[in-house]
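S.K.: Using the numbering used here, the letters of the sequence shown correspond one by one to residues 28 to 328. Quick one: this structure, given as structure tokens, is what I'll be asking you about.
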Amino acid sequence: MHRAVFIISAALAVFVAAVLPFAGRARACATCAVGDPTLNVMGVEQPFAGRTRIATEVRHFSETSGVQGETSVASSEQRLSLSLSHSPTPRLTLALRVPLVLRHLAFENLATETVVGPGDATVRARYVLYRDRTFAPSRLIWAHLGLEMPTAPIRQGPGGPLSLERQLGTGSWDTSMAIGGSYFANPYSVHGSALLFLPTRGTADSRVGTHLRTTLVGQLQPWSFLGFRLGLDARFEAATVENGAEDPSSGGIVGYITGGLIGSPATDIVTWLNFTMPVIQALNGEQSEGWQLVLGAALDV
């Protein structure tokens, strides 16, 4: 726990110290500065020099894994994430995300357990490789590089490592790489991306599965203050390794349909509500995923 607090605090301090000298350069109206009225969730906004954004997001999801009647574990998780991003140039955006996780576990013997603590913090850089014009672009292509740090606690007191279901992070330094693009034609916009997550070995000779995540989301925004979102997600994941052996109830393919609302109650404030339902679950062994609900808000400062 002390290591997690130290790493998160140090990362926040370094990031804020790097961002503050530039924050005052941001212009008053973010949509005015980019020349496009499209409302964007955190992470896909159009960058401009000096743009600084803070956000909070609450996510709920559930899953079940293990052999029913023997080793099955059902988990329900609520994750609160705090994010900060800054664009020092018109093409580069740096971001930090720090999560707090509450996980409820229900075991086959009817025992239950609740785990609360910090999750793994993430730093990332997004760079615009192409835009068709500087002001009010209609097409963007970008690349992303991220690092997920092992800030979640992985041990309980002087004992050994926590079991994987009790760990709120991977216990490893994990990288992610992505390529994506956006198309803007008010009142329509489309965002697409493909992200590759590359984990390293964590505790007790364990490693979460390498996975590829693809996303395609369309947005209709008939009013400046409200838009509607609909999209498809997919995840292709390798099996998790636990204690040096593959977990037979891990990995596989999941396809999701997602939809929601995005709004702006005031200048430079964006809120969003998103619902995700798995419609294809070609998962290995005994496992299943439930629905997800996300509520978020971002502020340009």
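For each residue, glycine too, the CB sits at the ideal point set by N, CA and C. All of these numbers come straight from a predicted model, not from anything done at the bench.
Quick one: grab the DSSP three-state call for E192.
M.R.: helix
S.K.: Can you confirm whether the stretch 92 to 103 touches the stretch 116 to 124 when touching is taken to mean that 3 or more C-beta pairs between the two stretches lie within less than 8 Å?
M.R.: no
S.K.: Got a sec? Which residues, its chain only, sit under 6 Å from A325 by beta carbon, not counting five neighbours each side?
M.R.: M69, R80, A82 and V297
S.K.: Are there 16 or more other CB atoms within 10 angstroms of the CB of I57, so buried, or fewer, so exposed?
M.R.: Note that residue 57 is Ala in the sequence shown here, rather than Ile. A57 is buried by the Cβ-count criterion.
S.K.: In chain order, which alpha helix (DSSP H) runs of at least 4 residues are fully inside the stretch 56 to 85?
M.R.: 57 to 61
S.K.: Please confirm if the stretch 204 to 212 is in contact with the stretch 159 to 171, defined as three or more CB-CB distances below 8 Å between the two stretches.
M.R.: yes
S.K.: Could you pull out every residue in the same chain whose Cβ sits closer than 8 Å to the Cβ of T139, ignoring the five residues on either side in sequence?
M.R.: Contacts found: H131, L132 and A133.
S.K.: Please specify which runs of the beta strand (DSSP E), each continuous and at least 3 residues long, are wholly inside the stretch 211 to 279, giving them in chain order.
M.R.: Runs of the beta strand (DSSP E) inside the stretch 211 to 279: 215 to 225, 238 to 250 and 253 to 264.
S.K.: Would you mind reading off the limits of the beta strand (DSSP E) that contains G323?
M.R.: Q314 to D327
S.K.: With DSSP as the reference, label Q95 as helix, strand or coil.
M.R.: DSSP places Q95 outside both helix and strand once states are collapsed to three, so it counts as coil.
S.K.: In chain order, what residues of the same chain lie with their CB nearer than 7 Å to the CB of F88, ignoring the 5 residues before and after it?
M.R.: E104, G317 and Q319
S.K.: Quick check on the burial criterion: 16 or more other C-beta atoms within 10 angstroms. Buried or exposed for M204?
M.R.: exposed
S.K.: Give the DSSP-derived three-state secondary structure of E90 in the structure shown.
M.R.: strand
S.K.: Which same chain residues, not among the five before or five after R158, have their C-beta less than 6 Å away from its C-beta?
M.R.: Cβ neighbours of R158 beyond the five flanking positions: P164 and L167.
S.K.: Round the Cβ separation of P305 and V321 to the nearest angstrom and send it over; I've been treating them as touching at under 8 Å.
M.R.: Actually they do not touch by this definition, with Cβ atoms about 15 Å apart.
S.K.: Indicate the three-state DSSP secondary structure (helix, strand or coil) for I181 in the structure shown.
M.R.: coil
S.K.: Straight-line CA distance for E264 to L253?
M.R.: 35 Å
S.K.: Ordered along the chain, which non-local residues of its own chain (more than five positions away) have a Cβ less than 6 Å from that of L195?
M.R.: V128, G144, G146 and A179
S.K.: Span of the beta strand (DSSP E) holding L123?
M.R.: L119 to F134 is the span of the beta strand (DSSP E), which, as asked, contains L123.
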